[in-house]
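Have a look at the structure below before the remarks.
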Amino acid sequence: MADFVARPAFRAPVDALPLALPSDSDLDTAGPRRSLAYDRAWWFARFVAQTYGTTALRELYLAACGAGHPDFATAARTVLATDPAGLLARWQGWLAD
Numbered sequence: 024m025a026d027f028v029a030r031p032a033f034r035a036p037v038d039a040l041p042l043a044l045p046s047d048s049d050l051d052t053a054g055p056r057r058s059l060a061y062d063r064a065w066w067f068a069r070f071v072a073q074t075y076g077t078t079a080l081r082e083l084y085l086a087a088c089g090a091g092h093p094d095f096a097t098a099a100r101t102v103l104a105t106d107p108a109g110l111l112a113r114w115q116g117w118l119a120d
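If you read the sequence shown in the working numbering, its first letter stands for residue 24, the second for the next number, and so on.
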C-alpha cells in the first residue's frame with residue numbers, strides 16, 4: 024500500500040480507464056491483463072490517497088482487507104462515505120483529468 028508514493032504520476036491510457044473498481048479476481052488474471060490490473064490497483068490507491076488522504080487509504084485497506092472485514096461496499100461507505108458507484112465515477116474523473 025505505501026509503495027504507491029514511489030510510482031511516478033502519469034496519465035492512464037484512454038483504453039485503460041476502468042469500468043469497475045479493482046477486485047481480487049482482476050489480480051488473479053493470468054498474462055498481460057494481470058499487469059494492467061495491478062496498474063489500476065495502484066492508480067486507485069493513488070486516487071484514494073490524493074482525494075481522501077493517506078490515513079483514509081490505510082483505513083480503507085484495513086476495513087476492506089483486514090481480519091473479519093465486511094464487503095467492500097460497506098467498507099467504502101464506512102470509511103469514505105460513498106458507495107462503490109460514486110467512488111468509481113469519481114475515480115474515472117480523476118483518471119481522465
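Virtual Cβ for every residue (Gly too), placed ideally from N, Cα, C.
Requested in this report: Would you identify the three-state DSSP class for residue 58, choosing helix, strand or coil?
Outcome: Of the three classes helix, strand and coil, the one that applies to residue 58 here is helix, per DSSP.
Query raised in the report: Taking the Cβ atom as the reference point for each residue, do residue 110 and residue 118 lie within a distance shorter than 9 Å?
Result: In this structure, residue 110 keeps its C-beta atom at 9 Å or more from the C-beta atom of residue 118.
Requested in this report: Specify whether the segment 40–49 and the segment 61–77 touch according to this definition: at least 3 beta carbon pairs, one from each stretch, less than 8 Å apart.
Outcome: By the criterion of at least three beta-carbon pairs nearer than 8 Å, the segment 40–49 is in contact with the segment 61–77.
Query raised in the report: First and last residue of the alpha helix (DSSP H) that includes residue 91?
Result: Taken as a continuous stretch (DSSP letters only), residue 91 belongs to no alpha helix (DSSP H), as it is neither H nor E.
Report task. Go through its chain and collect everything with a Cβ distance to residue 101's Cβ below 7 Å, but skip five positions before and after it. Result -> A distance below 7 Å between beta-carbons, with the five flanking residues on each side excluded, links residue 101 to the following residues of its chain, in chain order: 86.
**Report entry** Close-in-space but distant-in-sequence residues of the same chain around residue 51 (CB under 6 Å, 5 per side omitted)
**Finding:** Within the same chain, no Cβ atom closer than 6 Å to the Cβ of residue 51 is found once the five residues on either side in sequence are excluded.
Report task. Check the C-beta distance from residue 99 over to residue 92 and give it rounded, since I have them as a contact under 8 Å. Result -> Beta-carbon to beta-carbon, residue 99 and residue 92 are separated by about 12 Å, too far to satisfy the 8 Å threshold.
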